[in-house]
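Report on the structure given below.
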Amino acid sequence: MSDQILTLHVGPSQLLSKLCDEIELEKTINDLVKWDSVRCHLSPGTRIKALVLNILCSGKPLYKVHEFYQTLDSEMLFDTSISPDQLNDDALGRALDYLHEAEAWKVYSTLALKALKRLNLPIGVLHNDTTSISVYGEYKQPKEDGLQITYGYSKAHRPDLKQIVLGMGVTPERIPILAKVENGNISDKSWNVAFIQKMRKILSNEDWKNLIYQADSALITTENLAEIQQQKLSFISRLPDTFGLSTELKKEAWSLNNWEMVGSLSDKKDAAIYQIQAFERQIKDLPYRFLVVHSNILDQRKEKTLNRAIEKEETKLKKEIEKLSKVPFHCKEDALEAIQAFKKKQKTSYFCYELNVQMSDQPVKRKKRGRPKKDEQTKREQVYQIQLESFKKDRDFIEKKKKKLSTFVLITNKLDEETLSNQEVLKIYKGQSAAETRFRLIKDSQMIDAIYLKTPERVEALGIVYVMALLIYGILEYRVRKELKEKNLSLILKGKRKLLQPTGQALLEQLEDITVILINQNQQKIRLLPDNIDSQAKKIIELCGYDLSIYVSKNVENQGK
-6 MSDQILTLHV
4 GPSQLLSKLC
14 DEIELEKTIN
24 DLVKWDSVRC
34 HLSPGTRIKA
44 LVLNILCSGK
54 PLYKVHEFYQ
64 TLDSEMLFDT
74 SISPDQLNDD
84 ALGRALDYLH
94 EAEAWKVYST
104 LALKALKRLN
114 LPIGVLHNDT
124 TSISVYGEYK
134 QPKEDGLQIT
144 YGYSKAHRPD
154 LKQIVLGMGV
164 TPERIPILAK
174 VENGNISDKS
184 WNVAFIQKMR
194 KILSNEDWKN
204 LIYQADSALI
214 TTENLAEIQQ
224 QKLSFISRLP
234 DTFGLSTELK
244 KEAWSLNNWE
254 MVGSLSDKKD
264 AAIYQIQAFE
274 RQIKDLPYRF
284 LVVHSNILDQ
294 RKEKTLNRAI
304 EKEETKLKKE
314 IEKLSKVPFH
324 CKEDALEAIQ
334 AFKKKQKTSY
344 FCYELNVQMS
354 DQPVKRKKRG
364 RPKKDEQTKR
374 EQVYQIQLES
384 FKKDRDFIEK
394 KKKKLSTFVL
404 ITNKLDEETL
414 SNQEVLKIYK
424 GQSAAETRFR
434 LIKDSQMIDA
444 IYLKTPERVE
454 ALGIVYVMAL
464 LIYGILEYRV
474 RKELKEKNLS
484 LILKGKRKLL
494 QPTGQALLEQ
504 LEDITVILIN
514 QNQQKIRLLP
524 DNIDSQAKKI
534 IELCGYDLSI
544 YVSKNVENQG
554 K
């Protein structure tokens, strides 16, 4: 019998599989969910791992996952030979059922904390936020207290679609520690309290004591502050402008003008430069530290809003001045009075203008009451008109407005500046991008836009599987960046980009072209790598703590760091 030779396009799948095994993804799931090991051909952990690899490598929807595995060596990925047909949508759907029954968010947290320990990362700061995920189709009614797929405030700007809300707590290294899928109409204000309570259940007393919970301004309500006080939780957030105290503190800061220069928090060109002033005030008799922060760069959204307001005022003002200039006045005093009345009525914030009175070049006919007599000639007389003398932007006012708009107030219950300086408070708050970056990845996923599951329970479980994929993605990204920094190296990735801090996406793209030659010889499988393996792909694998043997040998000792 002749040898059968196949060329398999494996890409990053084998490296990602090793990272899954390193944090014991399959074992953790199998230990925590209820399943029948006798009747099940594939364990729930194996099926969930198959989903995770598919999300990271192809993004095919559930009913096409088996197609992804038709060109892969499943024996290498799962340490057992799996037929692609075993990964059909029914089998994967049942795995999601098992995961949901075990409380998917608890399963995930157990896995994430294990990963954090493996990476030797402490739980110090968690950046917490939510995003909405739009879904299509009709779903069965959930069980009592089940997930409500419904309409709500859409951060994806799709109010026409029903949605779910995904909340996450992410470390500064972009590793999600806690994730929960919530009802589509939940508000961020009520979400924070529920999330904090769940977080308290999974963290030890020591971790809770050292934790700083960072979230956006939706966290700050009097009710939430009371809950935070009761939970003895340290936090950092932004004080909403709905609190009158925010306006007071900004006004006082600009009046005192006693700024502490912080400088830039980033190495990027044209990065914002910050200055701060610290105050202590009370809310509901509880003390807090407040930082009034000024950035030299105005937020783009606020700048657009300001520019629209300026354009709107200019258009309206010029239109009204043009109407006024067409009105004739029979004496100069009447025209001057009209100017005063106009300025009182047409109040302006962003422009300075001057109006003057001039005699019209052309006399106008003066109309008399009644019908004119025969052969009577209409008299003409000189009139006065108002003209625009000057019109310009009030630069000083606009600059002051920009200063106020680029000023915000932070709030924290960490009062001791010696244990947490003002600059550290600002730096932690600006680290919120760690959570936002992970949400952008989930939004970009091809698969997230094709959730056609039968039940809300499966939708909820699938949301957590996405976060599992983010966990593996985060481990890959963190480990490569850490090694590059410690060894003072860089990567030259596709497009000849020299990167010191490559994103996980750039790393996965570099691994895409890896192929394996599979030879079936005398009922044995021989795996060979072509000679032209990309040097940077090889370097990425080594930075993760492995070598190319993971693509050709089943019994590779776990080398991950």
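The sequence shown begins at -6 in my numbering and counts up by one. For glycine and all other residues, C-beta sits at the position ideal for the given N, C-alpha and C.
Rounded separation between residue i and residue j - CA only
i	j	result
K107	K297	45 Å
G145	Q(-3)	55 Å
S51	C345	59 Å
K194	W98	11 Å
I391	Y343	6 Å
I457	G467	15 Å
S259	R431	19 Å
E307	F384	10 Å
E470	C537	9 Å
I441	I435	Residue placement at I441 cannot be trusted, given a pLDDT of 47 that sits under 50; what the coordinates show is reported in the next sentence. The straight-line gap from Cα to Cα measures roughly 7 Å.
F236	L242	10 Å
V26	R87	12 Å
K532	L500	10 Å
G117	D524	45 Å
S560	L18	Because the chain is modelled from -6 through 554, residue 560 falls outside the range shown and cannot be assessed.
S183	K262	38 Å
L249	Q293	27 Å
L9	F401	41 Å
Y56	D82	5 Å
M161	D200	17 Å
C33	K148	40 Å
G4	K191	37 Å
K491	I485	5 Å
Q223	N185	14 Å
Element boundaries [alpha helix (DSSP H), containing residue i]
i	result
N198	N198 to N203
Q503	G497 to L504
N557	In the structure as shown, the chain begins at -6 and stops at 554. Residue 557 is therefore absent and cannot be evaluated.
Y563	Given a span of -6 to 554 for the chain in the structure shown, any question on residue 563 remains unanswerable.
T412	Run containing T412: none; DSSP gives neither H nor E here.
G86	D82 to E94
H59	V58 to F61
E253	Counting along the chain, E253 falls outside any alpha helix (DSSP H), though it belongs to the beta strand (DSSP E) covering E253 to S257.
CB of residue i within 8 Å of CB of residue j, strictly
i	j	result
L464	I276	no
L493	L477	yes
L212	S230	yes
N300	Q270	no
D181	R451	no
Y132	L154	no
A334	V350	no
N558	L140	Limits of the chain in this structure are -6 at one end and 554 at the other, which puts residue 558 out of reach.
I404	Y206	no
Q498	Q529	no
L80	R111	no
N- and C-terminal bounds of the beta strand (DSSP E) containing residue i
i	result
Y346	F344 to M352
H120	V118 to V128
K386	Y377 to K386
Q268	I266 to I276
P169	P169 to E175
G38	From DSSP, G38 is part of no beta strand (DSSP E) but of the alpha helix (DSSP H) over P37 to C50.
S102	Run containing S102: none in the beta strand (DSSP E); it sits in the alpha helix (DSSP H), A97 to R111.
Q(-3)	Q(-3) to H2
Reference residue i; option with closest CA among the options
i	options	result
Y459	L482, R433 and T0	R433
I22	S10, S36 and R32	S36
Q63	I75, G52 and F71	I75
T412	D83, N203 and Y132	N203
R520	K532, D527, S528 and I507	I507
V509	S542, F272, L536 and I534	S542
H323	Q375, E175 and K480	Q375
I126	P152, E137 and L114	P152
A331	K312, Y377 and T341	Y377
Q267	L291, D327 and L348	The question names Gln, but residue 267 in the sequence shown is Tyr. Checked all of L291, D327 and L348; the closest Cα to Y267 is L291.
Q517	P5, E68, L46 and Q293	E68
I534	E313, E429 and R472	R472
N121	S426, W201 and L85	S426
L70	N47, L85, I170 and L92	N47
K305	K386, K319, N406 and V285	K386
P135	H93, E166 and P165	H93
L12	W28, L(-1) and L49	L49
Closer than 8 Å to chain D by CB, residue i
i	result
C33	Of the protein chains in the structure, only one exists, and it is not chain D.
Check your understanding: Which whole runs of the alpha helix (DSSP H) in the region 187 to 250 are 4 residues long or more, in chain order?
Key -> 198 to 203, 215 to 224 and 237 to 249
Practice item. Only counting runs of 3 or more residues, tell me where the beta strand (DSSP E) segments fall wholly within the region 280 to 354, in order along the chain. Key: 344 to 352
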